[in-house]
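Participant: Could you have a look at this structure, given as C-alpha cells, before my questions?
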Amino acid sequence: MSAPHVSASSVLPPAVPRLVRTTCPYCAVQCNFDLHIENNLPVKITPTKECPVAHGTVCKKGLAALSDLRHPERLTTPMLRKNGQLVPVGWAEAMAYVREALTPMLAANPDAVGVYGSGSLTNEKTYLLGKFARLALKTANIDYNGRYCMASASTALNRTVGYDRGLGFPLSDMGTSDLILLVGANIAETLPPIMQYLKAAKDRGALVYAIDPRATTTAKVAGKHLGIRPGSDGVLALGLLHLMKQWGKIRPTATAHGLTGVLWQADDYPPARVAHECGIPESEFMALAHAYAGATKPLILTGRGAEQHAHGTDTVHALLNLAFLTGHFGKPGGGYGTLTGQGNGQGGREHGQKTDQLPGARSLRDPRHRAEIAALWGCAPADLPQPGKSAQELLNACGSEIEALIVLGSNPVVSAAGAGFVTERLRALKHLIVIDFLPSETAQLATLVLPGSMWCEEEGTTTNLEGRVQRRRKAITAPGAAREDWRILCNLAHAVGRPHGFEYATFRDLQDEFFRVTRGGKADYSGLSAERLDRASAQWPVPHAAGPDTPYAYAPTYPTADGLATLHVPTLPAFTASPRSLTLTTGRLGNQYQSGTQTRRNAGLRAENTAQMHPDTARQHGLKAGDAVTLKTAHGSTTLPVSLTPGIRPDTVFLPFHWPETANLLTDPHTLDPHSKMPAFKATPVTLHPAHAVANEPANEPMRGVGQPVMR
Ligand SMILES: Nc1nc2c(c(=O)[nH]1)N[C@H]1C(S)=C(S)[C@@H](COP(=O)(O)OP(=O)(O)OC[C@H]3O[C@@H](n4cnc5c(=O)[nH]c(N)nc54)[C@H](O)[C@@H]3O)O[C@H]1N2
Ligand SMILES: Nc1nc2c(c(=O)[nH]1)N[C@H]1C(S)=C(S)[C@@H](COP(=O)(O)OP(=O)(O)OC[C@H]3O[C@@H](n4cnc5c(=O)[nH]c(N)nc54)[C@H](O)[C@@H]3O)O[C@H]1N2
Ligand code: SF4
Ligand SMILES: [Mo]
Numbered sequence: 008m009s010a011p012h013v014s015a016s017s018v019l020p021p022a023v024p025r026l027v028r029t030t031c032p033y034c035a036v037q038c039n040f041d042l043h044i045e046n047n048l049p050v051k052i053t054p055t056k057e058c059p060v061a062h063g064t065v066c067k068k069g070l071a072a073l074s075d076l077r078h079p080e081r082l083t084t085p086m087l088r089k090n091g092q093l094v095p096v097g098w099a100e101a102m103a104y105v106r107e108a109l110t111p112m113l114a115a116n117p118d119a120v121g122v123y124g125s126g127s128l129t130n131e132k133t134y135l136l137g138k139f140a141r142l143a144l145k146t147a148n149i150d151y152n153g154r155y156c157m158a159s160a161s162t163a164l165n166r167t168v169g170y171d172r173g174l175g176f177p178l179s180d181m182g183t184s185d186l187i188l189l190v191g192a193n194i195a196e197t198l199p200p201i202m203q204y205l206k207a208a209k210d211r212g213a214l215v216y217a218i219d220p221r222a223t224t225t226a227k228v229a230g231k232h233l234g235i236r237p238g239s240d241g242v243l244a245l246g247l248l249h250l251m252k253q254w255g256k257i258r259p260t261a262t263a264h265g266l267t268g269v270l271w272q273a274d275d276y277p278p279a280r281v282a283h284e285c286g287i288p289e290s291e292f293m294a295l296a297h298a299y300a301g302a303t304k305p306l307i308l309t310g311r312g313a314e315q316h317a318h319g320t321d322t323v324h325a326l327l328n329l330a331f332l333t334g335h336f337g338k339p340g341g342g343y344g345t346l347t348g349q350g351n352g353q354g355g356r357e358h359g360q361k362t363d364q365l366p367g368a369r370s371l372r373d374p375r376h377r378a379e380i381a382a383l384w385g386c387a388p389a390d391l392p393q394p395g396k397s398a399q400e401l402l403n404a405c406g407s408e409i410e411a412l413i414v415l416g417s418n419p420v421v422s423a424a425g426a427g428f429v430t431e432r433l434r435a436l437k438h439l440i441v442i443d444f445l446p447s448e449t450a451q452l453a454t455l456v457l458p459g460s461m462w463c464e465e466e467g468t469t470t471n472l473e474g475r476v477q478r479r480r481k482a483i484t485a486p487g488a489a490r491e492d493w494r495i496l497c498n499l500a501h502a503v504g505r506p507h508g509f510e511y512a513t514f515r516d517l518q519d520e521f522f523r524v525t526r527g528g529k530a531d532y533s534g535l536s537a538e539r540l541d542r543a544s545a546q547w548p549v550p551h552a553a554g555p556d557t558p559y560a561y562a563p564t565y566p567t568a569d570g571l572a573t574l575h576v577p578t579l580p581a582f583t584a585s586p587r588s589l590t591l592t593t594g595r596l597g598n599q600y601q602s603g604t605q606t607r608r609n610a611g612l613r614a615e616n617t618a619q620m621h622p623d624t625a626r627q628h629g630l631k632a633g634d635a636v637t638l639k640t641a642h643g644s645t646t647l648p649v650s651l652t653p654g655i656r657p658d659t660v661f662l663p664f665h666w667p668e669t670a671n672l673l674t675d676p677h678t679l680d681p682h683s684k685m686p687a688f689k690a691t692p693v694t695l696h697p698a699h700a701v702a703n704e705p706a707n708e709p710m711r712g713v714g715q716p717v718m719r
C-alpha cells in the first residue's frame, strides 16, 4: 500500500496536519481510511480508493467513528468500587486490588478466575489474552464473544474440512457468481460495502436471493426474497439437496467421508415437506431449486440469521453439504462462505482466546500443539490448562464455580442470551474486572474498571471476513491515564506475580512474537511483518516472508488426518408450530453496533428501539404503530413501542439487540447448540400483550436486567 502513514514512534503533536491510514473500529469488512490528525486528535476521516476491500466506500458508522474518541464519558482513569460506588483511583491502587483479589484465588483454584474476550480485539491482543489466561492465570476458563457470533459456521467448517476461513476467496470474487443466496444476512445494513460486489454480480446477470423472515433492505436490492420461518434454513438446504439428487446434479467437490449418509437423508425432504416446514409457497421453493440447479457458480453465504440457533451448526452442515455435493465448495466465488461480523471476528477465532484453542488455530486438545506452544512460552506442556467453559457457560457459572471474571472487549449485560439472568450472575461475582474505554453496562457492574485504548490509539493487525490481514495503525495517544490494552494485560500478569512472558519492551516485540508463534499452525501468519503489511494486505496462510499469501484457501485436499473432508448428517428439529404461535427473532439495525456502547452515545447515529411486527399481527393483538407492547418469553419480558413492517412474516417479531432493555431479556441462557455452544438468539417463542393490559401485573424482578448506572 502506497498510503501515507506514520509509525507508532512519531505521535508527538506535529506542526502540520498529518494523515494516518488505519482500519475501522467496527465490522469485519475492515474498511481502510485516512485519519487527518491535528494536535493528537483526528479531525476528519477520508475513505481511500486504495482500500483493498471497500475501494473507497465506507458506511455511516465508519464515518461517525471519531465521535467516541473524546466523548465526555470516555474512561480516563481506573475506577474501583468503594462503598458501592465506582470511584477514580490510580493505577497502583488498581493493581494492588488485582493482586489482593486474585492471588489467593489463583493459588487455591485458578479455574475460579474466568476470562472473557472479544472478536473486536486485534490479533496481537487476542493472542496475548489467551497467553495471559493459560500462562499467567493458568485457568482453563477463557472464552469470548465470538461464541455468540459465527461459532456455528466455524464449527461446521472445522468439522467438515478441518479449516475455518469465513470466505475462501477474495470478496471481489462474489461479483463472478451467477447465483447468490444470502441466508440470514442483511448485508445492506450490516456489511454495506459488500453491496458493491452483489451489484457487480447482478450487473453480470446473477440472481440474488435474500432468505430472511423479513423483507430487509438487502432483500429489496437482491430482488428475490424468500421469507422463511426462523430456524428452518437447514430444512431448505435438505430440500434443495433432495431435488439436486433427483435431477442428477450430484458431483462432489472431492471424495469425502459421509457422502452416502447425507444423500440418504435428503430423500426424506420432498418439496411439499420443505414448503410446509419453511412456511413458504412450494412454487417459490421450486423456483429457487431450478435457479440452483441451473447455476454454474452458485454461492451460499450465511449470516447470523441461519447460524444463531440451537441447531446452528447442523444448519450450516446442511448448507455446506449442498455446496460440497453439487461440486461448488472451494470454487473461487462459489460454494459456501460465512460472513464474519466483528472487526477481527476472523483473527479473533484463530489465536487462542477460544477455550479449546492455542495460537495459529491450534487445538488445546492436541498433544503436539500443546508441546509446540509450551516450548515457545517456556513452560511444560502439562502446565497448559485443558479446555474450559464456553462463553455462555462461563457467564452462567459466575457467582458459583467462577468467582472472578476479567472482561476485555465485550458487554455481556446487553449481548448475552438471557441477559437478565446473566446480570444476576455477574452481580454474584466476588470480583468483576472490566477493561473498556466507555462505561458499558457491564463496566457499570464491575468492581474494577480499567481504562483501555480505542482503535486508533494502538498498533495491531486485524483479519477481515476474507482472511485478509491488515495493519491497524496508531494515530494518537489515549487520553488521561488510559492505557493500551496490551500493556494492561501485562500489568495484570505482573500484579498476580507471574511476569514471565509478559515483559515486552515495545509493542513490536509482542507483534513479532505473535507472528512467529503461528508458524506451523493452520492459521499461519509467520511470513508477515508490519513492513510487509505496509506494502500490501495479505490473506492467510502466509507461511513464508518471501512467499505469496493465500487468496484461495480451500483446496480439494484439506488439513484433516487423511486430507479428506467429512460430511456430517445434520440433526434438525421438525417444524410443527401452530400457525397462531409467534417467534421472536433478533438482530441488527444499520445505525447501531452490537451492544451499543460505541454507537448509542453517538449523535450522528440515531436508531429506534422498537418491536417490529406485521400489521396483521399487531391488529390481532389490538396494537397499532407506536403503542407500547410487552413481549414475554419463558426467560423474561420487556416493553417497547410497536413498529409496523409489512415485509416481516406475520408469525415472527423482530427486536434489535443494541439496547439493554431489549432482545436479550427475552432469550434463553440455558439451551445451547451442542457443537458450537451457540445460544438460540434467532428463535424464541414469544407472546405479545398490550402494555396497558399488563400494567397491573406484579413486576418480575430478576428479569429487569441491568442495575442502576453508577458512573453517570
Ligand atoms: N450496523 C451493524 N453492522 C454490523 C453489526 C452491528 O451490530 N450493527 N455487527 C457486526 C457483527 S458482530 C455481525 S455478527 C454481523 C451480523 O450481520 P447479519 O448476520 O447480517 O445480522 P443480523 O441482523 O443479526 O441477522 C441477519 C438477518 O437474519 C434474519 N433472520 C433471523 N432469523 C433468521 C432465520 O432463522 N433464518 C434466516 N435465514 N434469517 C433469519 C434477520 O431478520 C436479519 O435480517 O454484522 C456486523 N455488522
Ligand atoms: N439477541 C441477540 N444477541 C446477540 C446477537 C444477536 O444477533 N441477537 N449477536 C451476537 C453477536 S454476533 C455478537 S458479535 C455479540 C456482540 O456483543 P458484545 O460481545 O457485547 O460486543 P460489543 O457490543 O462490541 O462490546 C464491546 C465492548 O467492549 C468495548 N470494546 C470494543 N473494542 C474494544 C477494545 O479493543 N478494547 C477494549 N478495552 N474495549 C473494547 C466496547 O466499548 C464495548 O463496551 O452479541 C451477540 N448477542
Ligand atoms: S462497513 Fe464495517 S468496516 Fe466499513 S466503515 Fe462500515 S462498519 Fe466500518
Ligand atoms: Mo458477531
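Note that this note's numbering has the sequence shown beginning at 8, numbered continuously upward.
In this text, a Cβ means the ideal position worked out from N, Cα and C, and glycines have one as well.
Note that the structure is predicted; figures quoted are calculated from it, not measured.
#1: Indicate, with yes or no, if ligand 4 has a heavy atom lying under 6 Å from the CB of residue 354.
#2: Would you mind stating whether residue 124 and residue 327 have Cβ atoms separated by less than 7 Å?
#3: Just curious, the beta strand (DSSP E) that residue 469 is in, first and last residue?
#4: Taking residue 573 and residue 167 to be in contact with their CB atoms under 8 Å, please state how far apart those CB atoms are, rounded to whole angstroms.
#5: Taking only runs of the beta strand (DSSP E) that begin and end inside the stretch 583 to 665, which ones reach a length of at least 3 residues, in chain order?
#6: What are the boundary residues of the beta strand (DSSP E) that includes residue 40?
#7: In the DSSP assignment, what are the bridge partners of residue 438?
#8: Cα separation between residue 89 and residue 62?
#9: From what residue to what residue does the alpha helix (DSSP H) around residue 123 run?
#10: Roughly how far, in whole angstroms, is the beta-carbon of residue 191 from the beta-carbon of residue 240, given that I think they are within contact range, below 8 Å?
#11: Which same chain residues, not among the five before or five after residue 162, have their C-beta less than 7 Å away from its C-beta?
#12: At a threshold of 6 Å, does residue 38 count as lining ligand 1 (C-beta to nearest heavy atom)?
#13: Compute every distance between the C-beta of residue 313 and the non-hydrogen atoms of ligand 1, then say whether any falls below 6 Å.
#14: DSSP three-state label for residue 5, please.
#15: Give a yes or no on contact between the stretch 135 to 151 and the stretch 465 to 485, applying the rule of three or more CB pairs nearer than 8 Å.
#16: Under the three-state reduction of DSSP, which class applies to residue 281: helix, strand or coil?
#17: Determine contact between the stretch 643 to 652 and the stretch 272 to 284, defined as no fewer than three beta-carbon pairs at a distance below 8 Å.
#18: Can you check whether the C-beta of residue 688 is within less than 7 Å of a C-beta belonging to chain D?
#19: In this structure, does DSSP put residue 399 in helix, strand or coil?
#20: Less than 6 Å separating the Cβ of residue 31 from some heavy atom of ligand 3?
#21: Rounded to whole angstroms, what's the CA-CA distance from residue 117 to residue 505? Just pull it up for me.
#22: Helix, strand or coil for residue 715 per DSSP?
#23: For residue 460 and residue 33, I'd like the C-alpha separation in whole angstroms.
#24: Would the C-beta of residue 155 count as close to ligand 2, meaning under 6 Å from any of its heavy atoms?
#25: Using a 10 Å radius around the Cβ and a threshold of 16 neighbouring Cβ atoms, would you call residue 601 buried or exposed?
#26: Straight-line CA distance for residue 699 to residue 635?
#27: In angstroms, rounded to a whole number, what distance separates the CA positions of residue 529 and residue 367?
#28: Got a sec? Which residues, its chain only, sit under 6 Å from residue 670 by beta carbon, not counting five neighbours each side?
#29: Among 65, 588, 109, 569, which one has its Cα closest to the Cα of residue 691?
#30: Provide the residue span of the beta strand (DSSP E) that contains residue 695, from first to last.
#31: Please state if the CB of residue 314 and the CB of residue 159 are separated by a distance shorter than 7 Å.
#32: Quick one: is the Cβ of residue 349 within less than 6 Å of any heavy atom of ligand 4?
#33: How many Å lie between residue 334 and residue 462 at the Cα?
#34: Let me know the secondary structure DSSP gives residue 86 once reduced to three states.
#35: In whole angstroms, what separates the C-alpha of residue 709 from that of residue 642?
#36: Can you give me the C-alpha to C-alpha distance between residue 705 and residue 694, rounded to a whole angstrom?
Facilitator: To lay it out plainly:
#1: Your numbering for residue 354 matches position 347 in the sequence shown. False, no ligand heavy atom lies under 6 Å from that Cβ.
#2: Against the sequence shown, residue 124 aligns to sequence position 117. Against the sequence shown, residue 327 aligns to sequence position 320. It is not a contact, given that the beta carbons lie outside the stated cut-off.
#3: For the purposes of this step, residue 469 is taken as residue 462 along the sequence shown, with counting starting at 1. Note, residue 469: beta strand (DSSP E), 467 to 470.
#4: Within the sequence shown, the letter at position 566 stands for residue 573. Within the sequence shown, the letter at position 160 stands for residue 167. That belief holds up - the Cβ atoms of residue 573 and residue 167 are roughly 6 Å apart, short of 8 Å.
#5: 589 to 594, 618 to 620, 635 to 640, 643 to 651, 659 to 663
#6: Against the sequence shown, residue 40 aligns to sequence position 33. 39 to 45 is the extent of the beta strand (DSSP E) around residue 40.
#7: Stepping through the sequence shown from its first residue, residue 438 is reached at position 431. Partner(s): 411.
#8: On the sequence shown, position 82 is the one that residue 89 refers to. On the sequence shown, position 55 is the one that residue 62 refers to. Distance between the alpha carbons of residue 89 and residue 62: 50 Å.
#9: Start at 1 with the first residue of the sequence shown, and residue 123 comes out as number 116. That residue, residue 123, is in no alpha helix (DSSP H); its beta strand (DSSP E) goes 120 to 124.
#10: In the sequence shown, the residue the question calls residue 191 occupies position 184. In the sequence shown, the residue the question calls residue 240 occupies position 233. Residue 191 to residue 240, Cβ: 6 Å. Contact.
#11: As a working mapping, residue 162 is identified with position 155 in the sequence shown. Taken in chain order, the residues that qualify are 320, 682, 683.
#12: Here residue 38 refers to the residue found at position 31 of the sequence shown. It does not: the Cβ of residue 38 is nowhere closer than 6 Å to a heavy atom of ligand 1.
#13: Sequence index remark: in the sequence shown, residue 313 carries index 306 (1-based). At least one heavy atom of ligand 1 is nearer than 6 Å to the Cβ of residue 313, so yes.
#14: No information on residue 5 is available, as it lies outside the stretch 8 to 719 that the chain covers here.
#15: no
#16: Position 274 of the sequence shown, counted from the start, is the residue given in the question as residue 281. In the structure shown, residue 281 sits in a helix (DSSP, three-state: H, G or I).
#17: no
#18: This model lacks chain D altogether; it includes just one protein chain.
#19: To locate residue 399, count along the sequence shown from 1; it is residue 392. Residue 399 falls in the helix class under three-state DSSP.
#20: For the purposes of this step, residue 31 is taken as the residue at position 24 of the sequence shown. Yes, since a heavy atom of ligand 3 falls inside the 6 Å radius drawn around the Cβ of residue 31.
#21: Stepping through the sequence shown from its first residue, residue 117 is reached at position 110. Stepping through the sequence shown from its first residue, residue 505 is reached at position 498. In a straight line, the C-alpha of residue 117 is about 13 Å away from that of residue 505.
#22: Position 708 of the sequence shown holds residue 715. Its pLDDT being 29, under 50, residue 715 is placed unreliably by the model, and the measurement read from it follows with that caveat. Coil, per DSSP.
#23: By 1-based counting over the sequence shown, the position of residue 460 is 453. By 1-based counting over the sequence shown, the position of residue 33 is 26. Taking the straight line joining both Cα atoms gives about 15 Å.
#24: Here residue 155 refers to the residue found at position 148 when the sequence shown is read from its first residue. Indeed, a heavy atom of ligand 2 lies less than 6 Å from the Cβ.
#25: Indexing the sequence shown from 1 puts residue 601 at position 594. That one is buried.
#26: Locating residue 699 in the sequence shown gives position 692, where the first residue counts as 1. Locating residue 635 in the sequence shown gives position 628, where the first residue counts as 1. Each residue's Cα considered, the two are about 8 Å apart.
#27: For this step, residue 529 is matched to residue 522 along the sequence shown. For this step, residue 367 is matched to residue 360 along the sequence shown. Each residue's alpha carbon lies about 6 Å from the other.
#28: The residue labelled residue 670 in the question sits at position 663 within the sequence shown. Hits under 6 Å: 593, 662, 664.
#29: Stepping through the sequence shown from its first residue, residue 691 is reached at position 684. Nearest option by C-alpha distance: 588.
#30: As a first step, residue 695 is located in the sequence shown; it is residue number 688 there, counting from the start. Taken as a continuous stretch (DSSP letters only), the beta strand (DSSP E) holding residue 695 covers 691 to 697.
#31: Here residue 159 refers to the residue found at position 152 when the sequence shown is read from its first residue. Here residue 314 refers to the residue found at position 307 when the sequence shown is read from its first residue. Yes. Within cutoff.
#32: In the sequence shown, counting from the first residue as 1, residue 349 sits at position 342. Result yes, Cβ under 6 Å from ligand 4.
#33: In the sequence shown, the residue the question calls residue 334 occupies position 327. In the sequence shown, the residue the question calls residue 462 occupies position 455. Taking the straight line joining both Cα atoms gives about 41 Å.
#34: As a working note, residue 86 is residue 79 in the sequence shown. Residue state, collapsed to three classes: strand.
#35: By 1-based counting over the sequence shown, the position of residue 709 is 702. By 1-based counting over the sequence shown, the position of residue 642 is 635. Because the pLDDT at residue 709 is just 33, under 50, the model does not fix this residue reliably, and the point stays unresolved.
#36: Your numbering for residue 705 matches position 698 in the sequence shown. Your numbering for residue 694 matches position 687 in the sequence shown. At residue 705, the pLDDT of 44 sits below 50, so the modelled position is not reliable; the number obtained from the coordinates is stated separately. One C-alpha to the other measures close to 17 Å.
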